[in-house]
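There are 2 protein chains.
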Amino acid sequence: MKARVIVTLKGGVLDPQGKAIEGALKSLGVDGVASVRQGKVFDIEIEAADREAAQHRLSAACEKLLTNTIVENYSVEIA
Amino acid sequence: MKARVIVTLKGGVLDPQGKAIEGALKSLGVDGVASVRQGKVFDIEIEAADREAAQHRLSAACEKLLTNTIVENYSVEIA
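Listed in order, the protein sequences are those of chains D and P.
Residues 1 to 79, numbered by our numbering, are exactly what the first sequence covers, in order.
Residues 1 to 79, numbered by our numbering, are exactly what the second sequence covers, in order.
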């Protein structure tokens with residue numbers, strides 16, 4: 001089963017990397033960029049009996065390794 | 001306008017970071033993970049007259065800065 005996990009910073013958390021990209025885009029002449037926030041994406045091929053089992057495994061992967069739940073949120077989409 | 005840009009490695013490109021995550025998940029007892037590939041996500045707030053103009057600006061941002069088009073693909077979703 002193919003799945004995509006997206007990890008993004010929570011609302012209040014500062015994102016200096018995003019800010020740097022925002023500045024760089026302005027310098028490069030890309031207009032209209034009001035804000036940029038960077039996150040991570042993981043494309044995972046997961047073996048499981050059904051979607052529910054896959055969801056369970058992917059949530060475990062997020063909680064244990066992929067996400068710092070203090071400052072990040074995650075979402076899981078199973079294809 | 002809110003947009004999400006997802007940048008992923010092209011098919012044949014090695015992803016040592018993904019491989020490391022795969023190994024780490026196995027060590028942590030997350031079963032069934034057949035492969036992991038890591039990419040980047042950018043949540044961008046963009047000002048533009050319409051969706052077409054926004055799409056145009058975001059493609060420019062990807063081509064100029066966000067994506068290394070030799071080894072990466074990008075996709076743009078406008079909310």
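The C-beta atom is built at its ideal place from N, Cα and C for all residues, glycine as well.
Original post:
Of all Cβ atoms in chain D, is any one closer than 8 Å to the Cβ of Glu11 (chain P)?
Top reply: Looking at the sequence provided, one finds Gly at residue 11 (chain P) rather than Glu. By this cut-off, Gly11 (chain P) is not an interface position.
**OP:** Rank P:Val5, P:Lys2 and P:Leu9 by C-alpha distance to the C-alpha of Asn73 (chain P) and give the top, closest one.
**Re:** P:Leu9
**OP:** Just grab the DSSP bridge partners of Lys40 (chain P) for me.
**Re:** D:Lys40 and P:Val7
Subject >> Residue range of the beta strand (DSSP E) that includes Glu72 (chain P) >> reply: Glu72 to Ile78
Original post:
Can you round the beta-carbon distance between Val7 (chain D) and Leu66 (chain D) to whole angstroms, since I take them to be within the 8 Å contact cut?
Top reply: 6 Å
**OP:** Look at the alpha carbon of Ala79 (chain P) and the alpha carbon of Met1 (chain P), and state the distance between them as a whole number of angstroms.
**Re:** 7 Å
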